[in-house]
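Trainee: Just add 332 to the spot in the sequence shown (first one is 1) and you have the working numbering.
For each residue, glycine too, the CB sits at the ideal point set by N, CA and C.
Below you will find the structure I want to go over with you.
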Amino acid sequence: MKSNLIQLRKWLLLPSLLFFAFCCRKNSDNSPVIEKEINITGFNKVYAGERFNITIARGTVFSVKAKGPSNSVNDIDWSVANNILDIEYNHYQGNRPRVDITITLPMLVQLNLSGAAAGTVNGFKAVSNVIRTVLSGASKCLLNGTGVSTQVEISGASELTINGATESLYGNISGGGKLEAFNLTSTEVDLGVSGGSEAKVKVSDRLFVEATGGSRVYYKGNPAVKNVQASGGGQVIQQ
């Protein structure tokens with residue numbers, strides 16, 4: 333009797349498994365890989381989500397290229413408003429493939445990544461403007477060089493790594509976000525870290541940190557000015 337019940341369960345489960353497999357196959361994009369140049373200019377901020385892999389470099393002229401399966405590349409909507417290049421798909425589809433997007437522009441003010449997007453930024457070492465990086469979802473970003481001032485807003489399972497030097501590193505990290513900035517020399521650091529998040533910073537002169545909700549802030553350096561507040565299991569630890 334028991335073996336008959338097990339067999340019956342298998343037969344009842346089979347249609348669900350077949351439906352799931354069909355949906356996954358249907359949502360996969362196996363179209364030929366293409367590289368497409370996008371004629372778009374006039375922006376200094378970039379917003380992207382999905383599984384876009386964004387590489388941004390500094391240059392004198394604008395250039396935007398996308399490489400990936402043709403069906404996905406041709407379904408991307410590129411729009412510019414209020415100096416923001418917004419990159420998203422026209423139609424929702426699960427299980428999208430990763431699409432590589434390469435952007436060159438003279439000035440970068442803000443990069444906003446969400447979902448499972450990834451980003452790498454090169455060439456903006458010691459620029460005079462603030463570079464703001466906003467990460468949410470499970471996004472990841474690497475800044476190889478940053479502006480005189482660096483603002484971060486990190487939430488969810490996102491991770492930001494910064495290399496180089498900056499006068500001021502400031503912002504908020506929440507919801508398990510991570511900041512890896514041991515290789516960023518900062519004159520001043522001012523961070524609010526909460527919700528089990530983690531920050532690693534290197535500071536020379538001034539450190540202002542509030543760590544709450546089980547968060548950890550690790551810092552290198554011996555700042556002359558230090559204002560540290562830790563509560564709710566938060567810790568600020570000198571390395």
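Return the residue from the list Thr544, Lys534, Gly527 that minimises the CA-CA distance to threonine 517.
Mentor: Lys534
Trainee: How is the beta strand (DSSP E) around valine 533 delimited, first residue to last?
Mentor: 530-543
Trainee: Along the chain, where does the alpha helix (DSSP H) containing valine 405 start, and where does it finish?
Mentor: Note, valine 405: alpha helix (DSSP H), 402-405.
Trainee: What do you get for valine 521, buried or exposed, if any count of 16 or more other CB atoms within 10 angstroms of its CB means buried?
Mentor: buried
Trainee: Ignoring anything shorter than 3 residues or poking outside the region 369-406, list the beta strand (DSSP E) runs there in chain order.
Mentor: 377-380, 384-390, 395-401
Trainee: Mind checking who asparagine 476 pairs with in its DSSP beta bridge?
Mentor: Asn454, Asn495
Trainee: Under the three-state reduction of DSSP, which class applies to asparagine 444: helix, strand or coil?
Mentor: strand
Trainee: Among all the DSSP beta bridges, which residues are the ones paired with serine 460?
Mentor: According to DSSP, which records beta bridges pairwise, serine 460 is partnered with nothing at all.
Trainee: Here's the rule I'm using: 16 or more other beta-carbon atoms within 10 Å means buried, otherwise exposed. How should isoleucine 569 be labelled?
Mentor: So isoleucine 569 counts as exposed.
Trainee: Work out the CA separation of serine 536 and leucine 523 for me, nearest whole Å.
Mentor: 15 Å
Trainee: Just to check my reading of the structure: glycine 477 and asparagine 461 have Cβ atoms closer than 8 Å, yes? What is that Cβ distance to the nearest angstrom?
Mentor: Taking 8 Å as the upper bound for CB-CB distance, glycine 477 and asparagine 461 are not in contact here, some 13 Å apart.
Trainee: On the three-state DSSP scale, how would you describe alanine 562?
Mentor: strand
Trainee: The beta strand (DSSP E) with asparagine 515 in it runs from where to where?
Mentor: 510-525
Trainee: Decide if threonine 392 is buried, meaning its Cβ has at least 16 other Cβ atoms within 10 Å, or exposed.
Mentor: exposed
Trainee: Who does alanine 413 pair with in a DSSP beta bridge?
Mentor: Ile416
Trainee: Could you have a look at serine 487 and say whether DSSP puts it in helix, strand or coil?
Mentor: coil
Trainee: Take glycine 509 as the anchor and find which of Phe540, Val549, Leu475 has the nearest alpha-carbon.
Mentor: Val549
Trainee: Shortest alpha-carbon distance to asparagine 422 belongs to which of Arg430, Ala562, Ile408?
Mentor: Ile408
Trainee: Just confirm the distance between the C-beta atoms of serine 402 and serine 363, as a whole number of angstroms; I'd bet it's less than 8 Å.
Mentor: Sure, about 4 Å apart at Cβ, within 8 Å.
Trainee: Specify the secondary structure class of leucine 340 as computed by DSSP and reduced to three states.
Mentor: Any reading at leucine 340 is ruled out, since the residue's pLDDT is 45, under 50, leaving its predicted position unreliable.
Trainee: Since asparagine 376 contacts leucine 467 with CB under 8 Å, what's their CB separation in whole angstroms?
Mentor: Rounded, the Cβ-Cβ distance is 18 Å, inconsistent with contact.
Trainee: Identify whether serine 302 lies in helix, strand or coil by the three-state DSSP scheme.
Mentor: Only positions 333 to 571 of the chain appear in the structure, and residue 302 is not among them; the question remains open.
Trainee: Whole angstroms are fine: how far does the CA of glutamine 571 sit from the CA of valine 431?
Mentor: 39 Å
Trainee: When you compare each of Gly565, Gly479, Pro429 to aspartate 361 by their alpha carbons, which one comes out closest?
Mentor: Nearest of Gly565, Gly479, Pro429 to aspartate 361, Cα basis: Pro429.
Trainee: Threonine 452: which of Phe384, Ile486, Leu475 sits nearest, CA to CA?
Mentor: Leu475
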